[in-house]
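Q: Here the sequence shown stands for residues -17 to -1, 1 to 198, where the numbers follow mature numbering (1 follows the signal peptide of the UniProt record, and there is no 0). Built from N, CA and C at the ideal position, the CB exists for glycine as well. Have a look at this one before I ask anything.
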Amino acid sequence: MKLSTLFVGGLASLAAAQTPAPYTDAKSGITFNYFAHSTGYFFGLALPANSTGNTDFIATIGGKGTGWSGTSLGGGMLGKLLILAWPNGQNIVSSFRKTANYGSPAVATGTFTQTSIPNGTYVNSTHWTYTFLCSKCILTDKTTFAPTDTAPSLGYAVNANAPSQKTNPASSVSKHSTEGQVVFDLKKAQNANFATWKTWAGKPAVAKRERPFLG
Ligand code: HEM
Ligand SMILES: *[C@@H]1O[C@H](CO)[C@@H](O)[C@H](O)[C@H]1NC(C)=O
Ligand SMILES: *[C@@H]1O[C@H](CO)[C@@H](O)[C@H](O)[C@H]1NC(C)=O
Ligand SMILES: *[C@@H]1O[C@H](CO)[C@@H](O)[C@H](O)[C@H]1NC(C)=O
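Next up, the structure:
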């Protein structure tokens, strides 16, 4: 009885948090090492094949419905560089955050920047998806995974409720209802097409008029 309960519990947690695996977003054509959680949260990472001297990555983050998704580039919540994003109608609002205390993290500033990749950024009937180039985002100050890491843990946090000020990238959020960490095999994120994909950042989508991008 005990054993079978444990076994079922084990299966349930496997289903809830899968191992990151290669996934190609049909809308952008970019391939990520991609973690999908049963809440609808997902985070995917793409890196150049040659990691020497590289500080940049392309990420895709999203969720189901209208709540927020957050990723810790350093694993835990405190003292790590966080990415926080949510949908606002057909647009996505995103910011960098950092905090020393458990509570809604403040906007973080630094040399790091995020620039959206238009055809990887969309809202469909079930999910929202934000794909962006993160420049100068792989740091050596332990706030993110390090340039030499091969299998870092990244954090995830998700809340099905929208932030109080959806149009404001600096909005406070209420605490995540689900959080955790997951190991990313960075080799599986490396791709020879990275340099090409990188040039797509900030370019307007073809044959589509878009409203201004917030964040
Ligand atoms: C009012 C807002 C927030 C509060 C009060 C809060 C509080 C906490 C607390 C207390 C923990 C420790 C685990 C637990 O006891 O639940 C935690 C973990 C965590 N939080 Fe937050 N948090 C907030 C917002 C955020 C945001 C916006 C992000 C990401 C952008 C985030 C990312 C994480 C991560 C990655 C963990 C670590 C999970 C792990 O190590 O397993 N949190 N948070
Ligand atoms: C996404 O946009 C880029 C140009 O910005 C384009 O080269 C690429 O083919 C597009 N992806 C798909 C799957 O259409
Ligand atoms: C990787 O990049 C570094 C720095 O730009 C360069 O010195 C090295 O030759 C590259 N390695 C390969 C295998 O291309
Ligand atoms: C909406 O986009 C997400 C993320 O790309 C995808 O997983 C999902 O299948 C899409 N849903 C529909 C109804 O197309």
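So Tyr113 and Ile75 are in contact, right, with Cβ under 8 Å, and what is the actual spacing, rounded?
A: Indeed, because the Cβ distance is near 4 Å, the residues count as touching under 8 Å.
Q: CB of Asp39 to nearest heavy atom of ligand 4: below 7 Å?
A: No, the beta carbon of Asp39 sits no closer than 7 Å to any heavy atom of ligand 4.
Q: Along the chain, which unbroken stretches of the alpha helix (DSSP H) at least 4 residues long are found entirely within the stretch 63 to 148?
A: None, since the stretch 63 to 148 contains no complete alpha helix (DSSP H) of that length.
Q: Within its chain, find whatever has a CB closer than 8 Å to the CB of Phe177; leave out the 5 residues flanking it on each side and keep chain order.
A: Ala29, Leu30, Pro31, Ala32, Ile41, listed in sequence order.
Q: Does Tyr139 pass the burial test, meaning 16 or more other C-beta atoms within 10 Å, or should it be called exposed?
A: Buried, by the Cβ-count rule.
Q: Exposed or buried, which one is Thr2 when buried takes at least 16 other CB atoms within 10 Å?
A: Thr2 is exposed by the Cβ-count criterion.
Q: Measure the beta-carbon distance from Ala153 to Ser78 and round it to whole angstroms, keeping in mind my assumption that it falls under 8 Å.
A: Yes, Ala153 and Ser78 are in contact; Cβ-Cβ is about 6 Å, under 8 Å.
Q: If contacts are defined as beta-carbon pairs under 8 Å, then Gly50 and Asn151 qualify, I think. What distance do you get, rounded to the angstrom?
A: Actually they do not touch by this definition, with Cβ atoms about 16 Å apart.
Q: Which residues have their C-beta within less than 5 Å of a heavy atom of ligand 3, listed in chain order?
A: That query returns the following residues: Asn33, Thr35, Gly36.
Q: Just the Cα atoms here: how many angstroms apart are Lys63 and Asn37?
A: Rounded to whole angstroms, Lys63 to Asn37 spans 19 Å at the Cα level.
Q: Between His20 and ligand 4, is there a pair consisting of the residue's CB and a ligand heavy atom that are separated by less than 7 Å?
A: Answer for His20: no, Cβ out of range of ligand 4.
Q: What's the C-alpha gap between Val90 and Arg80?
A: Approximately 4 Å between the Cα atoms of the pair.
Q: Here's the rule I'm using: 16 or more other beta-carbon atoms within 10 Å means buried, otherwise exposed. How should Pro70 be labelled?
A: Pro70 should be labelled buried.
Q: For ligand 2, I want to know if Lys186 counts as a neighbour, meaning its beta carbon is within less than 7 Å of at least one of the ligand's heavy atoms.
A: Lys186 Cβ: within cutoff of ligand 2.
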